[in-house]
Amino acid sequence: MLNLDHVAVTYSNGVTALAPTSLAFVPGQFTVLIGASGAGKSTLLRCLNGLVRPTDGDVSDSAGSIFASARALRQHRCRTGMIFQQHHLIGRLTALQNVLMGRLSAHGFFRSLFPLPRAEREFGLTTLDRVGLLERALDRADQLSGGQQQRVGIARAMAQRPGIVLADEPVASLDPASAERVLSDLHRICREDSITAIVSLHQVDFARRFADRIIGLAKGRVVFDGRPGQFGGAVFDEIYQSEPPDLAEAAE
Amino acid sequence: MSAAYDQILARDGAARARRGGVLAATIAVVIGSMWLTGLLDPKRFADAWPAVVQLSSEMFPPDFGRIDRWIWPIIDTVAMSIAGTAIAVVLSLPLALAAASNTTPNQVVYQFSRLLLNLLRSIPELIMGIILVAMVGFGALPGVLALGLHSVGMVGKFFAESIEHIDAKPVEAARAAGATSPQVVWHAVLTQAMPQLADITIYRWEYNFRASTVLGAVGAGGIGFELIAALRVLEYAQVSAILLCILVCVTVVDGLGATLRRALK
Chain C
1 MLNLDHVAVT YSNGVTALAP TSLAFVPGQF TVLIGASGAG KSTLLRCLNG
51 LVRPTDGDVS DSAGSIFASA RALRQHRCRT GMIFQQHHLI GRLTALQNVL
101 MGRLSAHGFF RSLFPLPRAE REFGLTTLDR VGLLERALDR ADQLSGGQQQ
151 RVGIARAMAQ RPGIVLADEP VASLDPASAE RVLSDLHRIC REDSITAIVS
201 LHQVDFARRF ADRIIGLAKG RVVFDGRPGQ FGGAVFDEIY QSEPPDLAEA
251 AE
Chain B
253 MSAAYDQILA RDGAARARRG GVLAATIAVV IGSMWLTGLL DPKRFADAWP
303 AVVQLSSEMF PPDFGRIDRW IWPIIDTVAM SIAGTAIAVV LSLPLALAAA
353 SNTTPNQVVY QFSRLLLNLL RSIPELIMGI ILVAMVGFGA LPGVLALGLH
403 SVGMVGKFFA ESIEHIDAKP VEAARAAGAT SPQVVWHAVL TQAMPQLADI
453 TIYRWEYNFR ASTVLGAVGA GGIGFELIAA LRVLEYAQVS AILLCILVCV
503 TVVDGLGATL RRALK
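First to last, the sequence lines map onto chains C and B. In case it helps, the numbering used here puts the first sequence at residues 1 to 252. In case it helps, the numbering used here puts the second sequence at residues 253 to 517.
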């Protein structure tokens, strides 16, 4: 269970990125956030693992408020995988080494200076296998295509054995075929492992196909929250109407 | 499936073992060098300890009694670093254009300018200072020339590398628009490389300030001359005072350099 309780975010330049918002995410559900650039999707996602600290309200998981202590926040992050738009891989490391970053939180600093135990490395290979990249495990990440890099990003998140996965526009910089592959891999794995997924997207057709629930955001407010079948043209227009440009910049 | 995993992990292990071998060899070379230069000989350090204590106590407290006689040499040193850097930039730019593979007119010029840069770089500024003092006499002038000429070797090489790393596409666009070669170099090549060229120049100025204090030791003017004079008469309290003055100047110059660099981004 993941709860937002009257969470609001106002950045230091005075821009309100997220108006007070309360949401509850049901375990095992695949939720898609839809909204124009600057609508508050990234801010909302980053609140969910504390990368952005809400100026008001609270975020809690089954263990209580994630901001209760530095320890609570770190434990919450251990259980929460994140997938980024620009992959956030280290290009000169192999795909496997990047994936094993997802295992860092399970080991202390000095232990992590040495090669991880064989069982961990095997598990890293399993996650690469699940996204179809076993053969590329020892290739440098910067030698992979954009879609492959994003699948390594998924494998890294899965290496955490997460209960929750947050994905911030995971396919925004990919061509349609790669985007399809990345999203279906992500969707399939979350289904198989009963992972709660919260994914922000721009493509409404992808949202309709993969989502159990769609949340539409505009100007920092939830303007739609329902099943994909209920998401219609009027909501679409409301979400993608013109945005004040300063808001778009502030959320970057 | 497990066989495939085993195979990948074995290859990964082999790659790690190779990296480990390279690391071990590097460590061996480093330790060998330390041993050869006496760094690993505790007896030398133990023997030196009384002298360290003696000199340290003589250096403290610093004696600023002659500070009024150091002001002008310090200003001289600052001026030497600025003028030397200016010489370096003016001479480096054409040499760098000749020594960059994408702007050089031909192979002969390219090889010759590379050779010239290597030659200038391989003469230490201290040696260049001694030779120039013999040629033009004592004072700041041989210092400026030594700094400038030695800097050309380094600055020219870095300039050439920055020029080689520019994006070739806008250069092609300028050529396609009918620009002459000098126009292409000025408007398409140097415009792109400007932030890096400025960065290198400012870095070199900071370096030249520190180097110019050393040049004073061979009679090439500036605060280094006072420093060597104080050392010769064993006035260690004055030596530490001069070193503190230099520290203040280096901090100011580095701060100015950082400000300039931000402004030119």
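The beta carbon of each residue, even a glycine, is placed where N, CA and C say it ideally should be. Small disclaimer: the values here were computed from a predicted structure and weren't measured.
| Item | Value |
| --- | --- |
| Amino acids of chain C, ordered along the chain, whose beta-carbon sits closer than 9 Å to that of R268(B) | P115 |
| V491(B) vs A482(B) beta-carbon contact at 8 Å | yes |
| Three-state secondary structure assigned by DSSP to V171(C) | coil |
| Three-state secondary structure assigned by DSSP to I90(C) | coil |
| Within 8 Å, strictly: CB atoms of F236(C) and V204(C) | yes |
| Listed by chain order, chain B residues near R121(C) by CB distance under 8 Å | L261, D264 |
| Rounded straight-line distance, which links the Cα of Y455(B) to that of V330(B) | 14 Å |
| Per-residue DSSP class, three states only, for D419(B) | coil |
| Outcome for A234(C) when other beta-carbon atoms lying within 10 angstroms are tallied against a minimum of 16 | exposed |
| Any C-beta of chain C under 8 Å from that of Y257(B) | yes |
| Given 8 Å, three or more beta-carbon pairs between the region 373-393 of chain B and the region 315-323 of chain B | no |
| Interface positions of the region 86-105 of chain C facing chain B (Cβ-Cβ less than 8 Å), listed along the chain | T94, L96 |
| Cβ-based neighbour list, F461(B), same chain, cut-off 6 Å, excluding 5 preceding and 5 following | S333, V505 |
| Supposed contact pair G220(C) and L18(C) - C-beta distance, whole angstroms, cut 8 Å | 5 Å |
| Residue-chain proximity (A159(C), chain B), Cβ-Cβ < 8 Å | no |
| Beta carbon of I83(C) nearer than 8 Å to that of P27(C) | no |
| As assigned by DSSP and simplified to three states, the class of F461(B) | helix |
| Close Cβ partners of Q444(B) (< 6 Å) along its chain, the five nearest in sequence each way excluded | I418 |
| C-beta neighbour in chain B for S151(C), strict 8 Å | The question names Ser, but residue 151(C) is Arg in the sequence shown. With 8 Å as the cut-off, R151(C) does not count as an interface residue toward chain B. |
| Short-range partners of chain B found in the region 44-63 of chain C, where Cβ spacing is below 7 Å | none |
| Any chain B beta carbon closer than 8 Å to A155(C) | no |
| Within chain B, partners of A137(C) - CB distance below 8 Å | I260, D264 |
| Sequence-distant residues of the same chain with beta carbon closer than 6 Å to Q448(B), five excluded per side | S414 |
| Those residues which DSSP pairs with R140(C) across a bridge | T94(C) |
| Inter-residue Cα distance where the pair is E252(C) and G38(C) | The pLDDT assigned to E252(C) is 44, lower than 50, so where the model puts this residue is not dependable; a value taken from the coordinates is nonetheless given after this. Cα to Cα, the separation comes out at about 7 Å. |
| Beta-carbon neighbours of R118(C), restricted to chain B and to distances below 8 Å | L261 |
| Every unbroken alpha helix (DSSP H) inside the region 36-97 of chain C [4 residues or more] | 41-48, 70-79 |
| Within chain B, partners of L134(C) - CB distance below 9 Å | M253, A256, Y257, I260 |
| Proximity below 8 Å, CB of R79(C) to CB of L100(C) | no |
| Neighbour flag for L125(C) against chain B, beta carbons, 8 Å | yes |
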